[in-house]
Each structure stands twice: as structure tokens, then as C-alpha cells.
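Top line first, the protein sequences correspond to chains A and B. Here the first sequence stands for residues 1 to 162, numbered as in this note's numbering. Here the second sequence stands for residues 1 to 253, numbered as in this note's numbering. Ideal placement from N, C-alpha and C gives every residue a C-beta, glycine not left out. Here the structure comes first, spelled out in C-alpha cells, and everything after it is commentary.
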Amino acid sequence: MVTAGDKTETARLYELLSSVVDPEIPVLTLQDLGVLRDISIENGEVKVTITPTYAGCPAMEVMRSDIESTLASAGYERVSVKQSLSPAWTTDWMSADGREKLRDYGIAPPANTACGKSAKQIECPQCQSTEVKLVSEFGSTACKALYQCQDCREPFDYFKCI
Amino acid sequence: MSDQTKALQDYCIALGDDSLTLGHRLSEWCSNGPFLEEDLALTNVSLDFIGRARMFYGYAAELDDEGRSEDDFAYLRDCREYRNFLINELPNGDFAFTMARQLMVDTYDMGFFEGLAKSSDPTLAAIAAKAIKESRYHLRRSQDWIIRLGDGTAESHERTQNAFNELWAYSAEFFETSVAEQQLVDAGIAVDRTALKDDWMTGMQTILKQATLDIPTHDWAIGGGRDGQHTEHLGFLLAELQFLQRAYPGQQW
């Protein structure tokens, strides 16, 4: 049975975990990224559900241990982090706030809904020009592609729609 | 363990083996790519395949009644127990060979994972739904490269044509179903791979035509990977892949 106390507790857990960030893109929290799917408390055990961005993303292990250590240092002794595959993660889950933070960080956020036709142009995060050129389908990590701005000439990472 | 559970576990192991062997081959390009961006791309694709292997082995471990883990499947089985398609274990060759293989595998993967996403087994369907998003990117890149290489210089054209001539016979394995697998197909769990051939051929013809390359016409075929009969190359691959666990059993990060 969920009591009002549990609800407050869950809210506190979300608050706590808002300090856990993507180790590769430290401006994004796991909530911004849409990786944190659920937090629940069952029989005194905190159960956190996360979903992987990419199947082989090495950041997932780091995120898992960061969640565990954050909760442990807040006094939660029994914590389990479960990975859920379905529904498959999509960049559509990235928060509006997260997209702004990405842009400020110099990474162009996903322009469209997942794998949809180009509704919006990819913009250079430096000068907002849409005159951009694909350099490589893969950038510094699996979730990004490499572009170059034709106006300001800056190369930049683009967070791919998936 | 029931016959069907055993067949399902074998199926997961074979799919894990496909992903792990190809993922390992791609990882060998790390620091050897033709230029930096391509080096990054090859290793990113490699990671996707290794991640896929973990998901399949992880599920095989859940089904296991001997308590084996995903690591046991990856590191403690020898050649004859590996069930991957032979094409995945072949050495990388030159860049044209690597990308020709990639186009063949990515084209196959698109059809296969679309089918597997409809599996009556929810875990397989979830893995497939995840994998297909990645394969879509892989395929786009391998198509671009084959068109660029085939329709490029005389040298790149010749190397790419040679690669397809050498690799073509290995595609037969994609479309051969074993008896145990057929039971899973009948149960709505596995994909009927024989039905994927026409779409695969159409996909290959479209790209090779744009790349001004010829579809190889010889009709000889090589098989045996799904039965554990491999080329001489797999042993060397596993020797490197498994060295640490063989030398230091149970070692962990």
C-alpha cells in the first residue's frame, strides 16, 4: 500500500538522484536524459529502474554505481538498480530543459522526434546557423554525430535522434 | 530445462555469438581506422554489437539452470561451442572488405530485427526493438561507404568488388534454418530467416547498382557456423578475446 509518507519519500529520492549526471555529458542529469524510468520503495528497499541509451554504452555502469553511492551516502542501505529494455529508450524522452543545457554546453540537441523526417534543421550550437555539414555519422560517443558549421566553421557534436 | 527453453537458450547464444564476434572484429580497427572520424565510427559500431551480445547472453544466463553468467558464455566456451555465422569471424581485411561485410550484415540485421521485434517472447522483442534503432544508423553508414568506394577510384572499386566476390558465399548462412530453430519459428518466438532472403537481395542489388558494382554470380555457399564448424580464424579471435579469463579465471574489473 502506498501511503502519503511513501510519496514524500519517493519525491525525496528523485530530488537526491537529480545530482546524478551522465558521466560523458555532465550537464545532463539522468532525468534530463530520460534514462531514469522509475523509483519505488518496496519493503524498505529502494528500487531504481534505468534504461540504457545505447546497448553498449559504457556510461551505464558508471550511472548505476553513481546511483548506488548517492543513495548509500544519503543513508539508504538497501538499494537495487534494475535495467529495463522495454520500451526502448528514445531521444524523445529528453527534457526541454535538458535540450537547452546541451545547446549551452556546445552539443546540438536532437532536432526531431525519433527518426522522423526532418521537421527541424540541425542548428550550430555556437552561431545558430542551419548551414551545417555532416562530417561523420558517429562522434565522440555512440549517441552523437559529428557536424561542422559552414558559417562559423566550428565543428560540433550533434545528439542523434534515435 | 524443457526442449523449448533449451532451444530458446541456444538461439540467444547464437545471436550473442554473432554480435560478439563481429563486435570484436570491429574493435580491432581501434587506432587503425583510415582517419580519425572513421576510427570513432568503427569503434562505436563495435560497442553497439558488444552491447547487443551482452543482452543476448544475459537472457541466456537467465534461462540457464547451471547458474552460468553472460561472462561464462563469452569467455569460457571454445570454438566448437560458438554458433556465430562464419562471416562475422573473418579477419577484417582492408577497409573495403570490412565495409562490404558490414553492408551485408547490416542489411540482414534490419530484416532480422524487424522480425524479432514481433517475437512472442517479450525479452527478445525488447532486445530487437533496441537493436533495430542502432542497425538503422549502421546501415546508413555502410550504404554510404559502399557507394563511395564502389563509385570512387579504380582502386577502391576493384577492392570493393573483390571483397563482395569473396564474401558473397557466406551470405547463404543468413537464410538457413536449423530444426531446433524451426520449432521456435513455429512457436512465434524466432524469425523465419528463409523469408528474409528476397528483401535482403533487393537491398543489396539497389546499393551495389548505385555503387557501380556487380552482384557476384557464383552460386557456391559456405556454412556450418550455427553447427559449431568454423573457419580457422575463430580460434585466434577467441585466443585474444578470452586470454584474460583463461589466464586469470574469475578475474573481475
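Legend entry - Those residues which DSSP pairs with A/Lys-101 across a bridge: As a first step, residue 101 of chain A must be located in the first sequence, where it is residue number 101. Its beta-bridge partners do not exist; DSSP assigns none.
Inset, instruction - Give the interface partners of A/Asp-146 over in chain B, defined as CB-CB distance under 7 Å, in chain order. - result: Here residue 146 of chain A is taken as the residue at index 146 of the first sequence, counted from 1. A quick correction: the sequence has Leu, not Asp, at residue 146 of chain A. Correct list: Glu-37.
Inset, instruction - Compare the C-beta of B/Ala-14 with all C-beta atoms of chain A and state if any pair is closer than 8 Å. - result: As a first step, residue 14 of chain B must be located in the second sequence, where it is residue number 14. It does not; no Cβ of chain A falls within 8 Å.
Legend entry - Sequence-distant residues of the same chain with beta carbon closer than 7 Å to A/Asp-66, five excluded per side: Walking along the first sequence from the start, residue 66 of chain A turns up at place 66. Same-chain partners within the cutoff: Val-20.
Legend entry - For A/Ala-74, the three-state DSSP class (helix, strand or coil): For this step, residue 74 of chain A is matched to residue 74 along the first sequence. A/Ala-74 falls in the coil class under three-state DSSP.
Legend entry - Host beta strand (DSSP E) of A/Asp-157 (start-end): What you label residue 157 of chain A is simply residue 157 of the first sequence in a count that begins at 1. Segment 155 to 159, the beta strand (DSSP E) holding A/Asp-157.
Inset, instruction - Out of B/Gln-183, B/Ala-128, B/Leu-234, state which residue places its alpha-carbon closest to the alpha-carbon of B/Phe-112. - result: Along the second sequence, one-based indexing puts residue 112 of chain B at 112. Answer by Cα proximity: B/Ala-128.
Legend entry - Neighbour list for A/Val-135 in chain B, Cβ cutoff strictly below 8 Å: Locating residue 135 of chain A in the first sequence gives position 135, where the first residue counts as 1. By Cβ distance, chain B contributes Glu-37.
Legend entry - Whole-Å CB distance - B/Ala-100 paired with B/Ile-147, under 8 Å assumed: Within the second sequence, numbered from 1, the residue matching residue 100 of chain B stands at position 100. Within the second sequence, numbered from 1, the residue matching residue 147 of chain B stands at position 147. At roughly 12 Å, the Cβ-Cβ gap does not stay under 8 Å, so B/Ala-100 and B/Ile-147 are not in contact.
Inset, instruction - Can you tell me which of the three DSSP states B/Asp-227 falls into? - result: Locating residue 227 of chain B in the second sequence gives position 227, where the first residue counts as 1. Helix.
Inset, instruction - Name, please, each residue of chain C whose Cβ falls closer than 8 Å to the Cβ of B/Pro-122. - result: Protein chains in the displayed structure are A and B, and chain C is not among them.
Legend entry - Whole alpha helix (DSSP H) elements within the region 2 to 78 of chain B, 4-residue minimum: 3 to 27, 36 to 63, 70 to 75
Inset, instruction - Go ahead and pull the three-state DSSP assignment for A/Ala-142. - result: Here residue 142 of chain A refers to the residue found at position 142 of the first sequence. DSSP places A/Ala-142 in coil when its eight states are reduced to three.
Inset, instruction - Along the beta strand (DSSP E) that carries A/Arg-37, what are the first and last residues, could you check? - result: Here residue 37 of chain A corresponds to residue number 37 of the first sequence, with the count starting at 1. 36 to 42 is the span of the beta strand (DSSP E), which, as asked, contains A/Arg-37.
Inset, instruction - On a CA-only basis, which of B/Glu-89, B/Gln-252, B/Asp-106, B/Lys-209 is nearest B/Thr-231? Give me that one, please. - result: Numbered from 1 along the second sequence, position 231 holds the residue referred to as residue 231 of chain B. Ranking B/Glu-89, B/Gln-252, B/Asp-106, B/Lys-209 by Cα distance to B/Thr-231 puts B/Glu-89 first.
Legend entry - Under 8 Å between C-beta atoms of A/Tyr-147 and A/Phe-138: As a position in the first sequence, residue 147 of chain A is number 147, starting the count at 1. As a position in the first sequence, residue 138 of chain A is number 138, starting the count at 1. No, they are not a contact pair.
Legend entry - Segment limits, alpha helix (DSSP H) that includes A/Thr-49: To locate residue 49 of chain A, count along the first sequence from 1; it is residue 49. Per DSSP, A/Thr-49 belongs to no alpha helix (DSSP H); it is in the beta strand (DSSP E), 45 to 50.
Inset, instruction - Taking only beta-carbon positions, decide if B/Gly-51 is within less than 8 Å of chain A. - result: Walking along the second sequence from the start, residue 51 of chain B turns up at place 51. With 8 Å as the cut-off, B/Gly-51 counts as an interface residue toward chain A.
Legend entry - Reduced DSSP secondary structure (H/G/I, E/B, other) of A/Gln-150: Counting from 1 along the first sequence, the entry for residue 150 of chain A is found at position 150. Here A/Gln-150 sits in coil by DSSP.
Legend entry - Of the residues B/Pro-249, B/Glu-166, B/Leu-149, the one placed nearest B/Gln-210, counting alpha carbons only: In the second sequence, the residue the question calls residue 210 of chain B occupies position 210. Among B/Pro-249, B/Glu-166, B/Leu-149, the Cα nearest to that of B/Gln-210 is on B/Leu-149.
Inset, instruction - Measure the CB-CB distance between B/Thr-123 and B/His-157 and report whether it falls below 8 Å. - result: Start at 1 with the first residue of the second sequence, and residue 123 of chain B comes out as number 123. Start at 1 with the first residue of the second sequence, and residue 157 of chain B comes out as number 157. Not a contact, by the Cβ cut-off of 8 Å.
Inset, instruction - Would you check if the distance between the CB atom of A/Thr-49 and the CB atom of A/Leu-85 is smaller than 8 Å? - result: Your numbering for residue 49 of chain A matches position 49 in the first sequence. Your numbering for residue 85 of chain A matches position 85 in the first sequence. Going by C-beta atoms, A/Thr-49 is not nearer than 8 Å to A/Leu-85.
Legend entry - Inter-residue spacing [alpha-carbon to alpha-carbon] between B/Ser-171 and B/Glu-240: Position 171 of the second sequence, counted from the start, is the residue given in the question as residue 171 of chain B. Position 240 of the second sequence, counted from the start, is the residue given in the question as residue 240 of chain B. If you take the alpha carbons of B/Ser-171 and B/Glu-240, they lie about 26 Å apart.
Inset, instruction - Tell me whether B/Phe-35 is buried or exposed, calling it buried when 16 or more other Cβ atoms sit within 10 Å of its Cβ. - result: Along the second sequence, one-based indexing puts residue 35 of chain B at 35. That one is exposed.
Legend entry - Helix, strand or coil at B/Ala-126 [DSSP, three-state]: Walking along the second sequence from the start, residue 126 of chain B turns up at place 126. Helix, per DSSP.
Inset, instruction - Quick one: grab the DSSP three-state call for A/Val-135. - result: As a position in the first sequence, residue 135 of chain A is number 135, starting the count at 1. Here A/Val-135 sits in strand by DSSP.
Inset, instruction - Report the neighbours of B/Ile-127 on chain A: residues whose CB is nearer than 7 Å to its CB, in chain order. - result: Sequence index remark: in the second sequence, residue 127 of chain B carries index 127 (1-based). The answer, in chain order, is Leu-85.
Inset, instruction - Compare the C-beta of B/Leu-26 against all C-beta atoms of chain A and say whether one is closer than 8 Å. - result: Against the second sequence, residue 26 of chain B aligns to sequence position 26. No, because no Cβ of chain A sits closer than 8 Å to the Cβ of B/Leu-26.
Legend entry - 8 Å Cβ cut-off: residues of chain B touching A/Cys-57: Working through the first sequence from its first residue, we reach residue 57 of chain A at position 57. Neighbours of A/Cys-57 on chain B, chain order: Leu-47, Gly-51.
Inset, instruction - Could you tell me whether any Cβ in chain A is nearer than 8 Å to the Cβ of B/Glu-232? - result: Walking along the second sequence from the start, residue 232 of chain B turns up at place 232. False, the Cβ-Cβ gap to chain A never drops below 8 Å.
Legend entry - DSSP-derived helix/strand/coil call for A/Thr-29: Position 29 of the first sequence, counting from 1, holds the residue named residue 29 of chain A. Here A/Thr-29 sits in strand by DSSP.
Legend entry - Alpha-carbon spacing of B/Leu-184 relative to B/Leu-8, whole angstroms: On the second sequence, residue 184 of chain B is found 184 positions in, with the first residue counted as 1. On the second sequence, residue 8 of chain B is found 8 positions in, with the first residue counted as 1. Between B/Leu-184 and B/Leu-8, the C-alpha separation is close to 7 Å.
Legend entry - Boundaries (first-last residue) of the beta strand (DSSP E) holding A/Gln-83: Position 83 of the first sequence, counted from the first residue, corresponds to residue 83 of chain A. From DSSP, the beta strand (DSSP E) with A/Gln-83 extends over 79 to 83.
Inset, instruction - Would you check if the distance between the CB atom of B/Ala-96 and the CB atom of B/Arg-159 is smaller than 8 Å? - result: Taking the second sequence and counting its residues from 1, the one referred to as residue 96 of chain B is at position 96. Taking the second sequence and counting its residues from 1, the one referred to as residue 159 of chain B is at position 159. Against a cut-off of 8 Å, the Cβ pair of B/Arg-159 and B/Ala-96 comes out as a contact.
Inset, instruction - Check the Cβ-Cβ distances between B/Met-110 and every residue of chain A, and say whether any is below 8 Å. - result: Your numbering for residue 110 of chain B matches position 110 in the second sequence. False, the Cβ-Cβ gap to chain A never drops below 8 Å.
Inset, instruction - Determine the closest residue to A/Phe-159 out of A/Pro-87, A/Lys-101, A/Thr-70, with distance taken between C-alpha atoms. - result: Translated into positions along the first sequence, residue 159 of chain A becomes position 159. Closest option to A/Phe-159, Cα to Cα, is A/Lys-101.
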